[in-house]
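For reference, the structure is listed below as structure tokens.
Chains as they are written, first to last, in the working numbering: chain D, 659 to 1153; chain H, 96 to 199; chain R, 259 to 425; chain U, 41 to 668.
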């Protein structure tokens, strides 16, 4: 079926991107923050256009894309992230660049890539969508092209990205060789129908795919690009990397692993569990050593990826019901993590616009000079650490709760211990803000009203999800059950 | 005639050579060329799988995948070279080992 | 029989020039070897009697990509100045080790797996009609996404490489 | 009213929000609001109690919950459960909180961040009440973390002082270790029973829904949490340092309420501990803690430190009672201890204010002339702690002795020793602070009795320290809210109904006499300064005791060297082993001198690519190995 009405929201996003590019081309002297507001408006239109799709019957496009509640979920998430990032960028980019049209256009395109990754039910489409997102990110990371760090970050990102894409593709080719198809259902059917057990080709293929997607979500040991790219990128893009890019990676992983590869769960679940363990431990331990705030966030988000991978491992270890609740909890955790990260970066950007300092020590005495920003930063760090009443507590709790199966108890225990380690470096940051005096000449300041309002809104979101996760959970539950409606279709044969 | 495994082995060798190139060479353009080798191996794999499958006259998925891989590879090279050129303008080097300001 | 011999000659040549890409002492040599390697793989597609993909290979890879690379080499003045620096990094021996491990795995997989639906010795020609139909019917969506992708790469290359007043 | 007991927690919660938001801008910085809030929950408690008693046994425990979230067929309910143990805790918390709030108005006068202090105090009270009201482990855990947070904030109240910051950090980190255990335990329970509800869990366990080994492991994790909060060996290190906080905080949080949360948790889940066969562990830990910190208390020279170690020791007593299987004895000691220890801490606070911030016993002495009310109430508290018949501490210690009797002579002997030590260091504390001649005339000349806002709470708590023990008696308990007496009330139809065992009374009194008079004789000011004698006679032993058996040094070492060292190691591995030794080391070996220095830096693409490629190969090998 070629139903072109399934992706109307994405047309809006792409049209917005083109319109913004064209606007700057026609009117080069336009104030750059207007472009940001236009982007945010476009994203808002995108989000609004997505709302009618909630609960709509799943629409299939040629068997390669699927617009169901899972897709809609990521659609809303992507639109929300792009909107927030555009607003965060407004002053930041205006002060730092003379051309911003491509920047904002690519934000929208990247968001579209994320949605398509979530919608793909076929490897070729998934790969192309992944590259659409990646290409946009390569450019956005290196957007400050004369800035040595930005340029270096983008170089590392694209070289390693291409390298890991090649790995991913080789894995896909092996899976294609074994199953003769690239569609998820087809792969699952072929793997299930296969006689004589798993062959080495499938195993190697899956491992190469794990490496490829592991790179995208920056799971250790494929994570090394992340701290450098995070540090070099423009600050709002760091936020975008740590939210959209990770969410998209997990959207792809969820579709792929619950749809196509679940039949062979025995082959990959131990590996994913090991990756989860390595990732969370490495991320948290390395975070302790950081002095640059962006790198700290990078390592801390690597730690978070470790927690998220626990849910993927649980899909492999549990039965169908566990798999569904683990997916649902993972989606919820992604939302909580996204909102907290955006809140953190809104505050950091407001601080950075003022001081231009992205070291941890640069936050010295923020509680004195700007208590509200300090509060927002504290709340989001508490949320990462999983303290009660903040989003991270509820979502992490449900994540671990849903992932606890007999085979994974050790991993959940390790994750709990890791949360403890993470608190240490979060407290180091808070110490700077609350216990030290501001640097000489630093006086009380007011953040830009826009950033202040956005930070306040996101802070409310963090608290809301933490205190009353029910509405968010219903949404993720709906998305997860859509995911399993597709993949079930009689062949979800879990061990 | 030539069995499919021959193509797969050839592709495996090219791929591994490409991996070696990425790991060993210091020039960013050469790293990219090595990645091209890897992608080339992938295409070969896809086409071989497609050509040797039983209902292959009706199924061209592998070949189409290869076409897309080639297209994306070309685009990737274009973009990456732009970044390398920018690196060269910023630092007068295209050596990936020297583009290491950010570390630990 | 002739085909087989020819195939082996080509295969050995491809491996040799691919090795040339990664082992050559100057970048220009590597680039030339890359052209040869890409052309060789294109010839492999001819062995598989899929002329369409061979054509794509020659045009895009053999033509566009290599020209782009040569252009980049010139712009970064590499191979011209001939600066005497080691072409391989210090981790080359370890890289060789890992690559050898990977090669062993991949070859093992290729040989040991009983590929389902394998025709055995003879490849079947896939008609260009089939390719066209699938490309535009079944894979219409990725085709459109690829269009966006190429546009992004194009814009990105311009944005990043464009000379401006400050340069 | 009992089913709406959540209001008790809501009132201080709202007060906290109001005070945190308005802060300085409130008249008098909001201290009146704090006292008003404490008074109203004190009043509300009696409403809850009356209603609870009216409902009658059949209606206990009183439950009330709402659905918080529903995930598929998983329904998570949040609510409160009011049973007898909760009532006891409510009584303690509301009473002590009221006294401390009133006392603080005097004590904190003119201190920095006056409003913030009172705001956090309300947050603490709210979360502590939530902790004891929670009907499920999840809510309990949330409250558990929140009391930890408020304690952290209050210990670090004077954050200009480095020691206060360090102490706050230490308390936070140490208890967090326990908290992780608690969380893991909760997850394990969830995994086995599918519920967080405490009563349901007890029910499942009694039905044998969890295997033996697993149950034991789970209970060990839960116990870890309880030990962290209740400062049991080896987690006790944070409590003495927590004395860096304002003294009324020490009275409320670090003597009467938060630190007994672990005792409360074990008492609440006692049937599960029993089923798991984990009681012996509790007993041994409690005993070790009681003995160990009793010894350390001898060598302390700071009044508050003595009291802190005494608190640790008394918490050990409570654990001993629980470990012997007598929840009522443990809870009873918790109940009486709350009053006299709060009294002693507030008395110490009164001394500190009266002497203008002197709390080293070496500079005090002879205070009873200058501060008669403080001295008198402190004496009552000390005697109650030491166990003088018929003060509160006597009866609860008697109950514990009775409980341990069944555990064999050895344990009974050890706990008797601990009881003697209690009397001994208490005597030392009182004698050296209040009796004899002032050791420092300079200090003595400035000393004044504190005002009524501080002495009235002392008098009230002294009164409670005298009568609290009588709740153990059937008639007294029935008349004043604990029908049937404390033991009967806490554990309905508990096989052990209280009766006075005169043999034990005699023994107990003997222990008191030995300890108190021994201590008084040993430390009497007119004689030699005995602690110096001790220090000269056995300097090594003395130093060991004074350095608290080197526990703090050990932990400092562990934290400094091991944890950070490990993280450094991993980071070193990342930098040096992966990038430099592995990569550049080969270069050195092949003879490129100077290469190493130039290339010590990493952040290089090939190294990262290497990690990816090596990772792939390793993953493949791993999965092939696992698969075959």
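Glycine included, each C-beta is placed from N, C-alpha and C at the ideal position.
Apart from the five residues just before and just after residue i, which ones in its own chain have a Cβ nearer than 6 Å to its Cβ?
i, result
"residue 909 (chain D)", "732, 775, 776"
"residue 812 (chain D)", "796, 799, 800"
"residue 278 (chain U)", "210, 211, 214"
"residue 679 (chain D)", "759, 763"
Mind checking whether residue i and residue j have CB atoms under 8 Å apart?
i, j, result
"residue 322 (chain U)", "residue 386 (chain U)", "no"
"residue 141 (chain H)", "residue 158 (chain H)", "yes"
"residue 919 (chain D)", "residue 864 (chain D)", "yes"
"residue 787 (chain D)", "residue 272 (chain R)", "no"
"residue 880 (chain D)", "residue 958 (chain D)", "no"
"residue 738 (chain D)", "residue 693 (chain D)", "no"
"residue 180 (chain H)", "residue 371 (chain R)", "no"
"residue 559 (chain U)", "residue 468 (chain U)", "yes"
"residue 309 (chain R)", "residue 96 (chain H)", "no"
"residue 443 (chain U)", "residue 334 (chain U)", "no"
DSSP three-state call for residue i: helix, strand or coil?
i, result
"residue 119 (chain U)", "strand"
"residue 272 (chain R)", "helix"
"residue 106 (chain U)", "strand"
"residue 1095 (chain D)", "coil"
"residue 778 (chain D)", "strand"
"residue 342 (chain U)", "strand"
"residue 151 (chain U)", "coil"
"residue 400 (chain U)", "strand"
"residue 983 (chain D)", "helix"
"residue 1007 (chain D)", "helix"
"residue 1012 (chain D)", "helix"
Residues in the same chain with beta-carbon distance under 8 Å from residue i, minus the five sequence neighbours each way, listed in chain order, please.
i, result
"residue 1055 (chain D)", "1044"
"residue 1074 (chain D)", "1058"
"residue 911 (chain D)", "871, 875, 970"
"residue 669 (chain U)", "It is not possible to answer for residue 669 (chain U), since the shown part of chain U is limited to 41 through 668."
Name the residue from the options whose alpha carbon lies nearest to the alpha carbon of residue i.
i, options, result
"residue 1106 (chain D)", "D:672, D:678, D:717, D:746", "D:746"
"residue 1092 (chain D)", "D:1082, D:866, D:1027", "D:1027"
"residue 346 (chain U)", "U:106, U:107, U:280", "U:280"
"residue 186 (chain U)", "U:254, U:99, U:172", "U:172"
"residue 896 (chain D)", "D:1016, D:984, D:1052, D:922", "D:1016"
"residue 836 (chain D)", "D:1071, D:851, D:826", "D:851"
"residue 677 (chain D)", "D:760, D:663, D:782", "D:760"
"residue 901 (chain D)", "D:1000, D:1108, D:1062, D:1078", "D:1000"
"residue 236 (chain U)", "U:177, U:80, U:311", "U:177"
"residue 716 (chain D)", "D:767, D:778, D:750", "D:778"
Once the 5 residues before and after residue i are set aside, which same chain residues still bring their CB inside 7 Å of it?
i, result
"residue 134 (chain H)", "164, 168"
"residue 1133 (chain D)", "731"
"residue 138 (chain U)", "78, 79, 82"
"residue 112 (chain H)", "132"
Start-end ranges of the alpha helix (DSSP H) lying completely within the stretch 275-319 of chain U, minimum 4 residues: 278-281, 287-291, 301-308, 310-316
Alpha helix (DSSP H) runs wholly inside the stretch 344-421 of chain R, at least 4 long, in chain order: 350-370, 386-391, 398-419
Entirely enclosed alpha helix (DSSP H) segments - the stretch 1021-1090 of chain D, minimum 4 residues: 1024-1027, 1029-1043, 1049-1061
Residue ranges of each alpha helix (DSSP H) within the stretch 711-757 of chain D, 4 or longer: 727-754
Secondary structure, alpha helix (DSSP H): runs of 4+ residues fully inside the stretch 160-227 of chain U: 177-195
Beta strand (DSSP E) runs contained entirely in the stretch 343-428 of chain U, provided each spans 3 or more residues: none
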